[in-house]
Amino acid sequence: MLSERLQDVLDGRWAHVRKAARTELAGDKFVTVYGETIDEARERVTRLLRELPSDPGVAAGFPIEYGGQSDPGGSVVAAEMLAQIDLSLMVKAGVQWGLFGGAVTALGTKYHHDRYLRDIISADLLGCFAMTETGHGSDVQQLRTTCTYDPATQTFDLHTPHEAARKDYIGNAARDGRLAVVFAQLITGGKRYGVHAWLVPIRDEDGNPMPGVSIGDDGHKAGLLGVDNGRLAFDHVSVPREMLLDRYGQVGPDGSYTSTIDNDVRRFFTMLGTLVRGRVVVGGSAANAAKSALTIAVRYGESRRQFGAPGEDREIALNDYLAHQRILTTNLANAYALHFAQDELVNALHEVQTADGPVDEHRQRELESRAAGLKAAQTWHATRAIQAAREACGGAGYLAENRLPGLKADTDVFTTFEGDNTVLLQLVAKGLLTGYRDAFGSLDGWGRATFVADQVRSMVLERTAARGVIQRLIDAVPGRDEEVALTHRGWHLALFEDREKHLLEGAVRRLRSGAAQKKDRQFDIFNDVQDHVLEVARAHIDRIVLEAFVAGLDRTADDEVRALLSKVCDLYALTTIEAHKGWYLEHQRLTPARSKAVTGMVNDLLRQLRPHMTTLVDAFAVPDEWLNAAILREEPTRQDVMAEHDAH
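Counting from 8, one number per residue, gives the positions in the sequence shown under our numbering.
Printed below as a string of structure tokens:
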């Protein structure tokens, strides 16, 4: 079947992880339960966490010597599969093995690994990742929690100085966590050395808060009922010196501080860079949840009929309406494009995190930027696509038993955790503007005249996949746009690239102009062009997503599958161009006539893809039990049965 061959392409490098998940997590044991109380949901999710298979699983990223598989890519894919089953379970697993366990692995040393990793992998030791504060979310460098070293006792004093400095929204904190990775400002010898992380016991063996630790419950949230988010505060809690996760910064018994990275800002972002996997998981999981929603809506649109055509006794299937295709098939095209982009990102993460020798700083920065941009694109896509699927199912889509309201509620927070999307887009843009300079997280230098267009022009052309293929396609575009077929892949690539380059060069000019006029007002220099900077990032993400899709097409050997994917790729490219046709018209990249022709071609592609809508969602291979939607289990209505009878 075409859908099965298409599935083979989508399953990709970690097909064995996807296959194992569909087999080992088969049935309805792990799926969302509707109508639970918050306590019931938390108890169920915690119990199921310990029953998840570990080979392969979310814990696959841990080192082999401690019971993992040293397979960071496989761990990301395993988390993405959990997102199709129950997002509370996915987030709980992500907190335990991705954030908490990942921080111990990446920031700790052999002492911490030997002492804790096996129990973390088995979930015998449940933990938290305590970074965010009530008053500081995305601005992690300015956290207010302090951890001050005392040479006399060889301990740190961990303290929450005021309510805004308490750790908030912390997964596993309200109910299950026994140990927390706590991020705070390190102070020793009267000097601050920036944000570091410590392992801090927060509950005793009976589940009671440790002395000086205050624990609160965030209570009901819009979604993710099974995740026990809570608040932590510390009243001069004593932390042994060896509990500092000291891979990147060490404090000696006498209080002396040493690090192989002298610059505090660079050290901080090096530490955060090792934790990039969590951001990759969040983006991929949101996109996978959207696949479930689109699968439900497309399948329902095949059976649900509404209004009759003149002269016809039978009502028309929802999926036959162009307006419905505009809603669902365009979102399907985005889902496919983002799938290939995520596949490329996971491969890049795996290569960086399994490479021998010293870290390639350029590749690491590129990975962080790519993860930030795609996380924003994927989570916003999930918000749009799930809402579109909900509306496409009408009143039935509003019923909890049909999964869509739960998917909508559970994924809503994905746009703001693991980095607020707007902040992440600024990081992407700043990476393009500054060339990943050492002061990565600082606003210093936004307007320096050294950031000239010539420097950034070359950066924008860096490609991650199928470089030669993409350049050949662009080079093959004829000189006059009117002579180019609207489905010419090189023309799509050239338009995406041209928009990014033009926006980037314009941002540089505006920043330089602002610097000349407001050289002592660094914030104003940036804030005045923030809208422009965000558009630069969006254009960059659009381009890398399209290039990833083109690279995926190039790898596809099956002619029939490649032909279908080519139409989906055309639809993604042209709907993106259509969405920005105002910009293309303003900058004379499209004539009015060609702009209208783009919309006509989009509609033509929707008609061509209409027979393949179910094939496209079937290739996502989400098991029926995981979809967990009553709307797909209902018998045909009497009207449908009679209509079928009359037709025969």
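No residue lacks a Cβ here, since even glycine has one placed at the ideal position from N, Cα and C.
Here the structure is a predicted model, which means the values were calculated and not measured.
Exposure label - residue i; buried when at least 16 CB within 10 Å
i, result
"Met8", "exposed"
"Leu329", "exposed"
"Asn610", "exposed"
"Tyr591", "buried"
"Glu47", "exposed"
"Phe530", "exposed"
"Pro63", "buried"
"Ala204", "buried"
"Pro79", "buried"
"Asp224", "exposed"
"Val189", "buried"
"Ser95", "buried"
"His369", "exposed"
"Lys198", "exposed"
"Gln595", "exposed"
"Ile71", "exposed"
"Gln524", "exposed"
"Tyr405", "exposed"
"Asn270", "exposed"
"Tyr156", "buried"
"Asn3", "Lying outside 8 to 655, the shown extent of the chain, residue 3 is not represented and no answer is given."
"Ser129", "exposed"
"Lys437", "buried"
"Thr30", "exposed"
"Tyr176", "buried"
"Thr457", "Note on Thr457: pLDDT 38, under 50, position unreliable in the model; the coordinate value appears next. Looking at its Cβ environment, which holds fewer than 16 other Cβ atoms inside 10 Å, Thr457 is exposed."
"Gln462", "Unreliable positioning characterises Gln462 in this predicted model, as indicated by a pLDDT of 41, which lies under 50. The coordinate reading is nonetheless provided below. Exposed, because fewer than 16 other Cβ atoms sit within 10 Å of the Cβ of Gln462."
Secondary structure of residue i, DSSP reduced to three states
i, result
"Ile303", "helix"
"Leu206", "strand"
"Glu1", "Summary: the structure shown does not reach residue 1, with the chain confined to residues 8 through 655, and so no result is reported for it."
"Gln76", "coil"
"Glu375", "helix"
"Tyr200", "strand"
"Pro216", "strand"
"Val244", "strand"
"Leu9", "helix"
"Ser221", "strand"
"Asp18", "helix"
"Glu31", "helix"
"Phe190", "strand"
"Gln257", "strand"
"Ile268", "coil"
"Ala546", "helix"
"Ala324", "strand"
"Leu239", "strand"
"Gln595", "coil"
"Thr281", "coil"
CB-CB length for residue i against residue j, believed under 8 angstroms
i, j, result
"Gly34", "Glu408", "With a Cβ gap of about 18 angstroms, Gly34 and Glu408 do not count as contacting."
"Arg677", "Leu114", "As shown, the chain starts at 8 and ends at 655. That puts residue 677 outside it, with no answer to give."
"Ala180", "Gly105", "That pair is no contact at about 16 angstroms."
"Leu518", "Val543", "At roughly 11 angstroms, the Cβ-Cβ gap does not stay under 8 angstroms, so Leu518 and Val543 are not in contact."
"Asp242", "His166", "7 angstroms"
"Lys174", "Leu239", "4 angstroms"
"Val234", "Val98", "5 angstroms"
"Ala348", "Val552", "4 angstroms"
"Leu431", "Ala399", "About 29 angstroms separates the two Cβ atoms, so there is no contact after all."
"Arg12", "Asp565", "5 angstroms"
"Ile638", "Ala403", "5 angstroms"
"Tyr200", "Tyr264", "5 angstroms"
"Leu500", "Val557", "7 angstroms"
"Val246", "Lys382", "Actually they do not touch by this definition, with Cβ atoms about 32 angstroms apart."
"Leu251", "Phe163", "7 angstroms"
"Thr139", "Ala191", "Contact doesn't hold; Cβ gap of about 12 angstroms is too wide."
"Asp561", "Val484", "About 17 angstroms; that fails the 8 angstroms criterion."
"Ile393", "Ala296", "7 angstroms"
Within-7 angstroms CB hit, residue i to chain D
i, result
"Cys576", "Looking at the structure shown, chain D is missing, and only one protein chain is on hand."
Closer than 6 angstroms: residue i CB and nearest the ligand HEM heavy atom
i, result
"Gly438", "Although the ligand HEM was asked about, the structure shown includes no ligands whatsoever."
Check your understanding: Along the chain, which unbroken stretches of the alpha helix (DSSP H) at least 4 residues long are found entirely within the segment 81-160?
Key -> For the segment 81-160, whole alpha helix (DSSP H) runs of length 4 or above, ordered along the chain, are 94-100, 108-114, 117-128.
Exercise for review: Identify every run of the beta strand (DSSP E) within the segment 497-532, keeping only runs that are complete inside it and at least 3 residues long; order them along the chain.
Suggested key: Taking only runs of at least 3 residues, no beta strand (DSSP E) segment lies wholly in the segment 497-532.
Practice item. Would you list, in sequence order, the uninterrupted beta strand (DSSP E) runs of no fewer than 3 residues that lie entirely inside the segment 157-188? Key: 162-166, 174-177
Exercise for review: Taking only runs that begin and end inside the segment 474-498, name each unbroken alpha helix (DSSP H) of 4 or more residues, in chain order.
Suggested key: Counting only runs of 4 or more, we get 474-482.
Practice item. Give a yes or no on contact between the segment 56-71 and the segment 82-99, applying the rule of three or more CB pairs nearer than 8 angstroms. Key: yes
Check your understanding: With contact counted as at least three CB pairs below 8 angstroms, one residue from each stretch, are the segment 568-586 and the segment 338-347 in contact?
Key -> yes
Review point. Any contact of the segment 298-315 with the segment 613-630, i.e. 3+ C-beta pairs under 8 angstroms?
Key: yes
Review point. Is there contact between the segment 496-512 and the segment 546-560, where contact requires at least three CB pairs shorter than 8 angstroms?
Key: yes
Check your understanding: Quick one: complete alpha helix (DSSP H) runs, 4+ long, within the segment 361-445?
Key -> 368-399, 411-419, 428-441
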